[in-house]
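Residue numbers (this note's numbering): 1 to 778.
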Amino acid sequence: MHSIADALTSLREHFGFADFREGQREVIAAILEGKDAVVVMPTGSGKSLCYQLPAMMFGGATVVVSPLIALMKDQVDALRARDLPATFINSSIAEREQWSRIDALRRGQFKLVYVAPERFRSSRFLEAIKSISVSLFAVDEAHCISTWGHDFRPDYLRLKGVVQALNGAGGGVQTLALTATATPYVRSDIIQQLGLAKPETFISGFDRPNLTIDVVHTEKEREKVARIKRLAKTHDGSGIIYAATRKAVEQVAMQLQGQGLSVSAYHAGMGDSVRVKAQEDFMTGRTQMIVATNAFGMGIDKPDIRFVAHYQMPGSIEAYYQEIGRAGRDGLPSSCVLLFNYADKNTHDFFIEGSYPSAEIIRDVYHALVSTGLKRIELSASEIAKRAGARNEMAVQSALYLLERAGHIQRSAAPGTAGVAGSPAGQPRWGAGSPAAGAQKSTMLNPPRRTRAIVMLDSVPATKLRVTPGDVERRAALERRKLREMIEFCYTEYCYRAHILDYFGDRHHARQCGTCGNCAPHTAARTPLTSAEMLSDKRTPARNRKDPTATATLSAPRALTDDENLRVRKILACATRMKGRFGKNMLAAALRGSAARNVMQAHLNELSTYGLLKDLRQDDILLYIETLCAARCLRVSPGEYPTISITEFGDRVMREQERIELALTENREQDDEKPLLPNTALQTYTLFRNGHSVEEIARQRNLVTKTIEGHLIECMAAGLTVDISKLVSNSARAQIEKAIAEHGTEKLKAIHELLPESITYNMIRFVVAQNSLAKAAK
């Protein structure tokens, strides 16, 4: 039996490492002692060494089951670069070559072989593996065997039989199950599904101190884009932005590219060449960021990823932690920011509904097929959906898959379509109990380019279908529970890092990390956005502090002025009186003294705090509210309609029992008497100042010219310089000046009556505004 000292020698000799990383020593020691083991380590923590090192030390071969074909090749290439005997067997190589490699394994030419799980569908292949001396059977991505896992794959269910067959072939084969993400109930299921008796369980490496984790609550899409833009500008390395859908990936990438940022897009619906180029551009640094669905990331090992942003929340904490685990693998500080909006839950609800169809939808789809009276049916999923009266086409796809698994129908792969890598053509990777989970995980097939023929194998009554709806409903309930857990994480006031570590059963950690958004609420990610940051045009000026379009400086938390402290206390007092029944906008509206119908109907005008901040704009008050939420003086409740309430700490601040520092933006040199401009006027002004005509701006912004002219008049009233020679001809201006002089007033109607019809009210306004600026300058 080998000792851990032998393993350390082998580690230095074969892999060139001086010592083990956290968690590796204990796992390898158990393997060398002949024990079965279940290992849970996050992505990038060195799981693969736990079987690669023993493989080089054992006399027989180590078989590693992995669903990731691209990763297999990368791992084998890396091992061969160190002159270590390793190979792989999957559908990417010809059948003759597969058998050649098996013969080489029999002869002992390879110490380690990666195998795709679908190879075990072949009894001939299983017999061939039994003929090899197997010392260790390792199951990578072991959560795929669990129907409770976030990426269940039915081919993994065959692995228990493989273990039993190998045990029968020549004594007990040692088994190692590895996963980057497994909750206690998933770990228990892995043990049961593999038939392990008393395996050692190891959980380590989940605490990544170099990752700063934060959740930023957002209300608008443009705020999300602005925050990603800030991340890109404040981080030197690469970044991944995860979006929930293919459409969102394309839209976000386009918006960021429009901001002048270096961005690629990646999702499973793109052509192979497009995806490969996007990945290569990102990996080689030709682009700083990649916007992707979670189809991107498996097997990606880029050490300098400085930030991972989630444009929409993932469907589970498992998926979330796996994705942020791709940041900071070089050990340097990196940021993980989730841009949360409760409305994003709708996307996941749609996926769950589509992935796990109700018994009624399954029956309706079956009835729609039987009612054609045909043995061979050529209808698209959308056509079947219409016949079945189903609104969710994805649910129809799932129902077809379940009917096929139950033996009621058989579907042929459409000519010219390809299946998922590593699967037979046309077969999705989801399975019993999780029929289309892949749609949200990018494992579902691309929509077929041609209709797949459906062959009816029987025509039993719909009430006698061999599909078990209870299994589907159970899986749907599980996915809904995971989604609730993800939402609870987004609303927690507890340390984000500790919350995640508790979730995965890692209890050996501090209760507060001191770096996440809840432990250190004044993170850069939470600093409220300025008006200029919210602008969509990348050429926004930011040089002149007196220019309302300039970007306000992002300050660290600072002591408040007396006026600011008073405003804070007024906001907290109003939140107290509103008793947590309303959201941020209603709180701001009440403080501003809004006469809006919903404010009046809620009787907020009867509060003693109504109108206390009537001198501020709604946006200014909201900025204070956001900052107070970040400082944990106010809390936002979870739910479809989040409400806001005061915290115990906020109550002490309100009563002046505590003093706080806030990360309010500063514009010290800005003239407080100048009216602050709305974003839409600032956008128009920026475009105009960069040489666009009123007509061009109107077309670009899909507005009428009168609105654009109105924006420019607002800007002049705010003290900005507008060259009116581009807006009013010299002759028209002379006529307007004459009319003003003759009438002795600047009242628009009186002046307009003295002028020809070709001169508009806005022309008069431009001249009047120009005169006002000239007088002010004197």
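Glycine included, C-beta positions come from ideal geometry on N, C-alpha and C.
Predicted model, so just to flag it, every value in this text is computed and none were measured.
For Leu176 against Leu136, the beta-carbon gap comes to about 6 Å, under 8 Å, which counts as contact.
According to the DSSP assignment, His499 belongs to the alpha helix (DSSP H) that extends over Tyr496 to Tyr503. Taking 9 Å as the cut-off, the Cβ atoms of Glu127 and Leu68 do not count as close. The Cβ-Cβ distance between Thr201 and Val40 falls below 9 Å. In this structure Ala5 is exposed. Its beta-carbon is surrounded by fewer than 16 other beta-carbon atoms within 10 angstroms. Here Lys47 is buried, its C-beta having at least 16 other C-beta atoms within 10 Å. If you draw a straight line from the Cα of Ser355 to the Cα of Met394, it is about 7 Å long.
When the beta-carbon positions are compared, Ile751 and Ile740 come within less than 9 Å of each other. By the CB criterion at 9 Å, Ile384 and Leu369 fall inside the cutoff. For Glu200, the enclosing beta strand (DSSP E) has its first and last residue at Glu200 to Ile203. Secondary-structure assignment with DSSP links Phe307 through a beta bridge to Gly239 and Ser335. In this chain, the beta strand (DSSP E) harbouring Met289 covers Met289 to Ala292. If you draw a straight line from the Cα of Glu606 to the Cα of Val599, it comes to about 10 Å. Around the C-beta of Ser398, 16 or more other C-beta atoms lie within 10 Å, and the residue is accordingly described as buried. 9 Å or more divides the Cβ of Phe206 from the Cβ of Asp619.
Contact check for Leu613 against Ile621 passes: the beta carbons are separated by less than 9 Å.
As for any alpha helix (DSSP H) of minimum length 4 sitting wholly inside the region 594-643, the runs are 597-601 and 618-630, ordered along the chain. In the structure shown, Ile352 adopts helical secondary structure according to DSSP, grouped into three states. Between Ile213 and Ala309, the C-beta spacing is not below 9 Å.
Distance from Gly44 to Arg329 at the Cβ level is roughly 4 Å; contact confirmed, criterion being Cβ atoms closer than 8 Å. In this structure Pro42 does not touch Ala182 by the C-beta definition: roughly 11 Å separates them, more than the 8 Å allowed. By the Cβ neighbour-count rule, Pro199 is buried, with 16 or more other Cβ atoms within 10 Å of its own. Ranked by how close their Cα comes to the Cα of Thr245, the residues Thr347, Leu332 and Leu211 have Thr347 in first place.
Per DSSP, the continuous beta strand (DSSP E) segment holding Gln174 begins and ends at Gln174 to Thr179. For Phe110 against Val162, the beta-carbon gap comes to about 18 Å, at or over 8 Å, which does not count as contact. By the Cβ test, the region 284-292 is not in contact with the region 209-223, since fewer than three Cβ pairs between them sit closer than 8 Å. Between the alpha carbons of Pro154 and Ile487 lies a gap of roughly 28 Å. C-alpha of Ala559 to C-alpha of Gln259: approximately 34 Å in a straight line. DSSP places His2 in the coil class of the three-state scheme, outside both helix and strand. Taking the CA atoms as reference points, Trp99 sits about 44 Å from Arg480. Taken through DSSP and simplified to helix, strand or coil, His217 comes out as strand.
Under DSSP, Tyr366 shares a beta bridge with no residue. Listed in chain order, the non-local C-beta contacts of Gly34 below 8 Å within the same chain comprise Met1 and Gln174, local neighbours out to five positions each way being set aside.
Considering only Val653, Met763 and Ala734, the residue with the shortest C-alpha distance to Leu748 is Met763.
A straight-line Cα-Cα distance of about 8 Å links His499 and Thr492. Phe282: member of the alpha helix (DSSP H) spanning Asp272 to Met283, first to last residue.
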